[in-house]
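In my numbering, the protein residues as written are 40 to 239. Ideal Cβ placement from N, Cα and C applies to all residues, glycine included. Note that the structure is a prediction, hence the values are computed from the model and not measured.
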């Protein structure tokens with residue numbers, strides 16, 4: 040990754056970065072080095088981050104219930120509020136693109152995001168992900184690429200329906216339109232984005 044992104048990397052670029060991964064789904068293999076740790080709950084993550092003083096905290100947001108997702112957002116905010124961990128960058132690994140989640144993570148102070156789907160993670164993969172982080176993984180540009188009119192309506196404890204706020208939320212979004220237009224910078228050319236309908 041760009042060494043200017045993280046201060047601790049500048050002094051000795053060959054040094055291995057200490058990181059802590061929180062993955063509540065447990066899709067983790069082969070974490071054994073003393074400079075890497077994995078935990079399976081938000082409480083464990085906060086405790087380990089305070090005591091272990093990692094240089095990077097990684098939180099995985101998988102295909103999970105909405106309540107659990109919100110708990111991980113609160114964990115992110117707690118890490119940035121805590122005097123022992125607030126200077127430690129937080130990376131959110133996301134299952135898929137989701138504007139509301141990205142907005143929540145931005146308010147929580149998360150620095151980086153990366154989309155990784157459902158794949159299991161091991162030590163080498165984690166280090167490749169962290170080392171490859173750059174400006175395009177900063178949360179702000181990722182959020183800006185998604186149309187601000189994408190709204191979400193909760194269906195049940197795990198599922199949400201996306202709709203177009205520029206069309207008064209009367210158009211359900213999904214499939215290619217959502218992924219190739221609404222969730223990309225191409226939304227800037229969408230007729231609904233350019234001329235949103237107004238409630239009369």
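Per DSSP, reduced to three states, the secondary structure at residue 161 is strand.
Taking a 10 Å sphere around the C-beta of residue 210, we find fewer than 16 other C-beta atoms and assign the residue as exposed.
Between residue 66 and residue 160, the CB-CB gap stays under 9 Å.
Where residue 154 is concerned, the enclosing beta strand (DSSP E) starts and stops at 151-154.
For the 9 Å CB-CB criterion, residue 178 and residue 149 form a contact. When DSSP reads this structure, residue 70 sits in no beta bridge, so it has no partner. Taken in chain order, the whole beta strand (DSSP E) runs of length 3 or more contained in the segment 94-119 are 95-100. Under a 10 Å Cβ-count criterion, residue 97 is classified as buried, with 16 or more other Cβ atoms of the shown protein chains found around its own Cβ.
Counting C-beta pairs closer than 8 Å gives fewer than three between the segment 176-194 and the segment 67-84, which falls short of the contact rule.
The shortest C-alpha to C-alpha distance from residue 168 to any of 202, 138, 131 is the one to 131.
In the three-state scheme derived from DSSP, where H, G and I count as helix and E and B as strand, residue 202 is classed as strand.
Residue 182 sits in a helix when the DSSP states are folded into three classes.
Taking a contact to require three or more Cβ pairs closer than 8 Å, the segment 88-96 and the segment 118-134 qualify as touching. When 163, 154, 164, 60 are compared, the shortest CA-CA separation from residue 115 is found for 60.
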